[in-house]
Structures are given as C-alpha cells and as structure tokens.
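Asks: Sending over a structure as structure tokens; questions will come in a sec.
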Amino acid sequence: MNIRYSFHILSLALLTLLASCQSDFLKEYSQDMSRVQTPTDLNELMMGDCLLPLGLASISNSTYSIDNPNYAVLHFMGDELQENISTPGRPDFLRECETYFPFFCWQQDTYRDCKGASTMTSDEANYWNLTYEKIDRCKMVISAEKDVTCDNDVDRALLRHVMGETHFLRATYYYMLVNLYGKPYTPQTAASTPGVPIKVSAKVEDKEFQRASVADVYQQILNDLDEAEKDLSDVTTPGNIYHVGLDAVYIFRSRMALYMQDWNQAADYANKALQLNNYLQTVAGWASNTDYPISSANKEVVFSNGASCFGNLVFAYPQRKNSSWDDPYSPAFEVSDHLVSLFSDNDGRRKAYITNEDDLGYHRWSYHKINNSSKHLGTYNTVSDVFSLRTAEAYLNLAEADAELGKDAEACQYLNKLRDSRILNNTAVSLSGKELITFVREERERELCFEGHRWFDLRRYSVDTKYPQTTTIEHTFSTYTYVDYENKRQETYYYRLLPNDDAYTLDIPYNVRDFQKSIGSNSRPARQPFKTVAASEDGDAGDENSGSDR
666 MNIRYSFHIL
676 SLALLTLLAS
686 CQSDFLKEYS
696 QDMSRVQTPT
706 DLNELMMGDC
716 LLPLGLASIS
726 NSTYSIDNPN
736 YAVLHFMGDE
746 LQENISTPGR
756 PDFLRECETY
766 FPFFCWQQDT
776 YRDCKGASTM
786 TSDEANYWNL
796 TYEKIDRCKM
806 VISAEKDVTC
816 DNDVDRALLR
826 HVMGETHFLR
836 ATYYYMLVNL
846 YGKPYTPQTA
856 ASTPGVPIKV
866 SAKVEDKEFQ
876 RASVADVYQQ
886 ILNDLDEAEK
896 DLSDVTTPGN
906 IYHVGLDAVY
916 IFRSRMALYM
926 QDWNQAADYA
936 NKALQLNNYL
946 QTVAGWASNT
956 DYPISSANKE
966 VVFSNGASCF
976 GNLVFAYPQR
986 KNSSWDDPYS
996 PAFEVSDHLV
1006 SLFSDNDGRR
1016 KAYITNEDDL
1026 GYHRWSYHKI
1036 NNSSKHLGTY
1046 NTVSDVFSLR
1056 TAEAYLNLAE
1066 ADAELGKDAE
1076 ACQYLNKLRD
1086 SRILNNTAVS
1096 LSGKELITFV
1106 REERERELCF
1116 EGHRWFDLRR
1126 YSVDTKYPQT
1136 TTIEHTFSTY
1146 TYVDYENKRQ
1156 ETYYYRLLPN
1166 DDAYTLDIPY
1176 NVRDFQKSIG
1186 SNSRPARQPF
1196 KTVAASEDGD
1206 AGDENSGSDR
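Note that the sequence shown covers residues 666 to 1215 in the working numbering.
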C-alpha cells in the first residue's frame, strides 16, 4: 500500500471475504460507499471493510504460503519464543526466521534484512499502513451515519449498533498503533510523549501531519470506547464473536485502564464484564493433542477480529506423521525455555497451549493454542492470535487491579477461580504485596501467551509506579549453508535486549518518515551480537567469540 494513503481517505473498493469456512464472519460482503442507503448496507460495509483481513496458511503445487499474518510480529519481540537451534540441520521454514530477524533481534532499522540490505521497507510499513487503512474505513462508516435512512425501530437499533462496533474497532486500531510506535503510557509524562497522528475527520486534508501525544491518543481511544458502550448498551449477546457486545467493550476498557494505571477503573470494568459472562473453559486435565483450546466454539472468546495463521509461521508442518510426507520437520521458532518453565506439570495449559508431541521425535516445545496442524492447512481459523478478547483476561485484569489497590484477598480469589479451571488439584494462591503482583504477571504469561499481550505487558510493567519490573531478553539468529545436499548451521549470533531499552518502541517506518518528515522518528539504538558461536562439523556448538554488546 502506498504510504500516501495512510492519512488520506481511501476509496472503498469492493472487499470480498472468502467463504471457505462455515462462519458468518467469512460470508461474502460486497457493499461499497456509493450504494449505502440503509443500516443493513452500512453493516455490510463495516463487516467487509473495517475488520482485519483473514490470515491463512496453505500449500498449493508444493508451494507453502502465508497470507495476512496481520500483527503476528508482536509474538517475536518478547520472551515467548526462541530460535530452534536444538535440532540438527536447518529447521522448518527458515524463511520466517529471516523475515522476522530485524524485529526478533531488535535491530535499529527494521526495514533491513539479516544481510543489512533495505529489502523490507514494505514489510516494515505494513504494520503502520494496515492500521491506518482500517481507521480510514472506520471513520468513513461513522461519517455515513447521517446519510442512512431508518424507517423503523429495528433499523434505528441496527444503525446504533453499527456505530458502536465501528467506534470499538477504531479504538483497538489506535491502541495497536500507540503501543507499537509510542512509549508506554506513564501518567506523569504521557501528555508530552509523542504518540501517533490522530485523524477522525472524514474530510481529505492535504497537510503535514503531526504526532499527537500518548495521552491524547489514549483519550481518543477512551472516547471511542465511551461511544461504543453507549451505542451497544443493549447488546449483551452478539450473534457471534465477530460482532461486538458489551462484554468485549468492558474487557477492552479494563485493559486500557491497566495500561493507564487507573486501577479502580480497571477493576470496575472487569467486574462489569464478568457480570455479563464469567465462563471459563475447563483445561485442567487436558489430555488431547489433536484438539485446540482457543476457537470460536470456546465460550470464553467474546470477540475476535481476523483469523490466525501465527502457528504456521513458527511451525509450518506440525503433526506431519499424520500427513503424506515422511521427512521430519521441526519448528523454526519454539516456545521459549522461560515460558515453558512457568507451567507446572499438572497445569493443563502445558499441553493445551503448548506441546512437545508434534515434531516427530525431537520433542521441542511448540505452539498449540489455535489449530496449526498440517491437516488444517488451507482452512481459515475462526479466531485471531492478537485481536481477540476472552473472559480469562477479565479475571486477570481484576486480579491485577485489586493487587495494585492492596485488595490482596480479592485478587487471590479471582486468580484461584481461573486456576481451578486450568490446573488439576490446584493449590490455592494466598499472597500479598509484591509477591502477589509478581504472581499475577506470571499468570498472565501462562494464560495469555501468544495472544499479543506479552510485549505490551513488558512495556507497561517497566513504568509501573508502585511495582516497576524490568526484564532482560536474549535471542539468537543462525546462518546456514547448503552443503552436500544439506542445510548446515554455520554460526549463531546472540543478541540482548536490556531493561528500558529504546527498542521497546518501534521507529516510525522509513517510508512514512521519508514521505511526511513532520511525523519525525523514534530513537532506537544500533545493536550488534554480544556473542557469536560457530557450529562444528557435527552440528554441535563450536568456537565462541565475544562481540560488542550495544
């Protein structure tokens, strides 16, 4: 997408959503702005143009492809994944290692590939462009409200619901932007910290855009959520998880309050959400390795935007023993040792959310939360790995807010409610103060892993006024050479992300900075490996060389 369209009105071409899955979300929509006359027309336009594109992993004519991974990049920057250097030879789908290298290893210029060439400008800009494209679509739908004719109460109610959902979607997109490209929200400095440009008018404006402050962007998000709450006041049970109900608004509103360290508001909205839906799936004792816990059939999921293909980014062909191929594969990225260590043996999530039984004897820990099996290739998943909301988050938001407020017993009560559904013979949590806060944060890691929370949580923990927490993360990147019909590992480079590093915030994409210099840039340090390990001939670690650590 040309960057010029990021701040100008986009012509609404027909957007067809493939109907290869039995979901209302995937039905075909073909409404454009010029034909919008009724609330039904506007609803179709919102569903067709304001939601994220669908992610899909597929194979055709022996060619493997990933379409629309959306914001899967969030999973690569934190401490949930590690490069697979534990298996001989090249891991499955090495191309994804190279694609995500500048983000995975926190490079200064995320438009440069692993060889330093400027080949990823479009990849880098996509995260910015896609969100602003959807914001443009949302504001066009909102501006069309005045042109829609309502002849009866049913139409008037539908129009109100469409407005509520569209405001909600715009709030989520600004949330993504400001947390990727702005510093974490700090109450004392948010008003003077650069965030991202805000544009809510549907008018074409030929001007140089400036970045609003982080505080102003957050206020815009809250304004949209207030509109959503008002317009969706009677929607307690949406028709499906691709439409927004009050429970989704309340959960997201409680999340925003956590980010702003407004603990009373966070607890209040999480409570409201649980009053509408407090369902928890039973994961304790999970035994199946062919079922996947997070899907549209799980009543914990109250909203989802887009479909996930993240699992196939990190492991293209899991469970290949059930397919026609005989050669073994292993994940390009595996679940980090850090994350695995957080699950006790009797925690059902240890088998439901991650698994070590998919990779044909290597027994490395891989992703298992949303269906990424080889048999599922070519089929849309029904939930997103980033833009989804579950009741489990409401329990965790409430526990964290109460713990920050010193309501230790109440916080433990909500933690135990969640953990009783996850862990066989769960031992009740009874903690207080900093120990309780640390436990809540670890429970968020366990429960919300690979759902787009961890990177943003690490950012906000670092500025927590009462209980600041900093984390050092290490990632590796390996090079391979094709020798004697095999891909052999040559060297492994080690990179380190230090506490409060400026790399916790992405720089404004190069194309955006080049086109509109008024937007400016974010400081992001140059980073070299602090250690290099050469592989020996038998594939084991060989010579080690220290490098600069910057």
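Using N, Cα and C, we set each Cβ at its ideal position, and we do this for glycine too.
Using the Cβ count rule (16 or more neighbours within 10 Å means buried), how would you classify E1022?
Replies: Locating residue 1022 in the sequence shown gives position 357, counting from the first residue. By the neighbour-count rule (16 or more Cβ atoms within 10 Å), E1022 is not buried but exposed.
Asks: Using 8 Å as the cut-off, can you tell me whether the segment 942–962 makes contact with the segment 872–890, which would need three or more C-beta pairs spanning the two stretches below that distance?
Replies: The segment 942–962 is not in contact with the segment 872–890.
Asks: At the level of alpha carbons, what is the spacing between S1183 and F874?
Replies: Working through the sequence shown from its first residue, we reach residue 1183 at position 518. Working through the sequence shown from its first residue, we reach residue 874 at position 209. Cα to Cα, the separation comes out at about 6 Å.
Asks: Does the beta-carbon of R700 have 16 or more other beta-carbons within 10 angstroms, so that it is buried, or is it exposed?
Replies: Looking up residue 700 in the sequence shown gives position 35. With fewer than 16 other Cβ atoms within 10 Å, it is exposed.
Asks: Buried or exposed, going by whether 16 or more other CB atoms sit within 10 Å of the CB of R1111?
Replies: Numbered from 1 along the sequence shown, position 446 holds the residue referred to as residue 1111. Classification for R1111: buried.
Asks: Y1032 to D1166, Cα distance in whole Å?
Replies: As a first step, residue 1032 must be located in the sequence shown, where it is residue number 367. As a first step, residue 1166 must be located in the sequence shown, where it is residue number 501. One C-alpha to the other measures close to 28 Å.
Asks: Short of 6 Å in beta carbon distance, which residues of its chain neighbour I1138, apart from the five on each side in sequence? Order them along the chain.
Replies: For the purposes of this step, residue 1138 is taken as residue 473 along the sequence shown, with counting starting at 1. Correct list, in chain order: D744 and L1162.
Asks: For the alpha helix (DSSP H) that N888 lies in, which residues bound it at each end?
Replies: One-based indexing of the sequence shown puts residue 888 at position 223. Segment V879 to D896, the alpha helix (DSSP H) holding N888.
Asks: In whole angstroms, give me the CA-to-CA distance for L746 and V1000.
Replies: Stepping through the sequence shown from its first residue, residue 746 is reached at position 81. Stepping through the sequence shown from its first residue, residue 1000 is reached at position 335. Roughly 5 Å between the two C-alpha positions.
Asks: Please go through the same chain and pick out, in chain order, the residues whose beta-carbon is closer than 8 Å to the beta-carbon of V861, but skip the five residues on each side of it.
Replies: As a first step, residue 861 must be located in the sequence shown, where it is residue number 196. Result list for V861: Y839, L842, V843, Y846, G847, R876, A877 and V882, in chain order.
Asks: If you draw a straight line from the alpha carbon of F1195 to that of N749, how long is it in whole angstroms?
Replies: Working through the sequence shown from its first residue, we reach residue 1195 at position 530. Working through the sequence shown from its first residue, we reach residue 749 at position 84. C-alpha separation (whole angstroms): 19 Å.
Asks: How would you write the range of the beta strand (DSSP E) that R1154 sits in, first residue to last?
Replies: Residue mapping note: residue 1154 aligns to position 489 of the sequence shown, counting from 1. Its beta strand (DSSP E) spans residues E1151 to L1162.
Asks: Could you name the residues of the same chain whose beta carbon sits closer than 8 Å to that of N817, not counting the 5 residues immediately before and after it, in chain order?
Replies: Here residue 817 is taken as the residue at index 152 of the sequence shown, counted from 1. Within the same chain, N817 has no close Cβ partners at all.
Asks: For K1082, write down the residues that DSSP places opposite it in a beta bridge.
Replies: Here residue 1082 refers to the residue found at position 417 when the sequence shown is read from its first residue. Per DSSP, none; premise fails for K1082.
Asks: Indicate the three-state DSSP secondary structure (helix, strand or coil) for I863 in the structure shown.
Replies: Numbered from 1 along the sequence shown, position 198 holds the residue referred to as residue 863. It is coil, neither helix nor strand.
Asks: Between the alpha carbons of F980 and C974, how many angstroms are there, rounded?
Replies: Counting from 1 along the sequence shown, the entry for residue 980 is found at position 315. Counting from 1 along the sequence shown, the entry for residue 974 is found at position 309. C-alpha separation (whole angstroms): 10 Å.
Asks: At the level of alpha carbons, what is the spacing between N1176 and Q773?
Replies: As a position in the sequence shown, residue 1176 is number 511, starting the count at 1. As a position in the sequence shown, residue 773 is number 108, starting the count at 1. Cα-Cα distance, rounded: 15 Å.
Asks: Would you grab the beta carbon distance between G1013 and R1087 for me? Rounded to a whole angstrom, and I think it's under 8 Å.
Replies: For this step, residue 1013 is matched to residue 348 along the sequence shown. For this step, residue 1087 is matched to residue 422 along the sequence shown. Going by Cβ atoms, the distance from G1013 to R1087 rounds to 6 Å, so yes, they are a contact pair.
Asks: Going by DSSP in three states, H908 sits in which element: helix, strand or coil?
Replies: Numbered from its first residue, the sequence shown carries residue 908 at position 243. Note: H908 maps to coil in three-state DSSP.
Asks: For the segment 959–988, which segments carrying the alpha helix (DSSP H) assignment without a break, of at least 4 residues, lie completely within its bounds, in sequence order?
Replies: List check, alpha helix (DSSP H) in window: 975–979.
Asks: Output the distance between the C-alpha atoms of R1015 and T1092, rounded to the nearest integer angstrom.
Replies: The count along the sequence shown starts at 1 and reaches residue 1015 at position 350. The count along the sequence shown starts at 1 and reaches residue 1092 at position 427. Whole-angstrom Cα-Cα distance: 17 Å.
Asks: Does the Cβ of G781 have 16 or more other Cβ atoms within 10 Å, making it buried, or fewer, making it exposed?
Replies: Residue 781 sits at position 116 when you count from the first residue of the sequence shown. It counts as exposed.
Asks: Let's test the definition: count the other Cβ atoms within 10 Å of the Cβ of V1148 and tell me whether it reaches 16, buried, or not, exposed.
Replies: Here residue 1148 corresponds to residue number 483 of the sequence shown, with the count starting at 1. When all chains shown are included, V1148 counts as exposed.
Asks: Does the separation of the CB atoms of K1034 and D1050 fall below 9 Å?
Replies: Indexing the sequence shown from 1 puts residue 1034 at position 369. Indexing the sequence shown from 1 puts residue 1050 at position 385. It is a contact, given that the beta carbons lie within the stated cut-off.
Asks: Starting from E798 and walking both ways along the beta strand (DSSP E), at which residues does that stretch end?
Replies: Within the sequence shown, numbered from 1, the residue matching residue 798 stands at position 133. Here E798 belongs to no beta strand (DSSP E); instead the alpha helix (DSSP H) covers T786 to S808.
Asks: Give me the Cα-Cα distance between S995 and S723, rounded to the nearest whole angstrom.
Replies: Along the sequence shown, one-based indexing puts residue 995 at 330. Along the sequence shown, one-based indexing puts residue 723 at 58. In a straight line, the C-alpha of S995 is about 18 Å away from that of S723.
Asks: Less than 8 Å between the CB atoms is what I'm expecting for D1055 and V967, so what's the real figure, rounded?
Replies: Position 390 of the sequence shown, counting from 1, holds the residue named residue 1055. Position 302 of the sequence shown, counting from 1, holds the residue named residue 967. At residue 1055 the sequence reads Arg, which differs from the Asp that was named. Yes, R1055 and V967 are in contact; Cβ-Cβ is about 7 Å, under 8 Å.
Asks: Measure how close the beta-carbons of S1038 and P983 come, nearest whole angstrom, since I'm counting them as under 8 Å.
Replies: Translated into positions along the sequence shown, residue 1038 becomes position 373. Translated into positions along the sequence shown, residue 983 becomes position 318. Contact holds; Cβ gap of about 6 Å.
Asks: Using only the alpha-carbon positions, how far apart do F741 and Y915 sit?
Replies: Residue mapping note: residue 741 aligns to position 76 of the sequence shown, counting from 1. Residue mapping note: residue 915 aligns to position 250 of the sequence shown, counting from 1. Distance between the alpha carbons of F741 and Y915 is about 28 Å.
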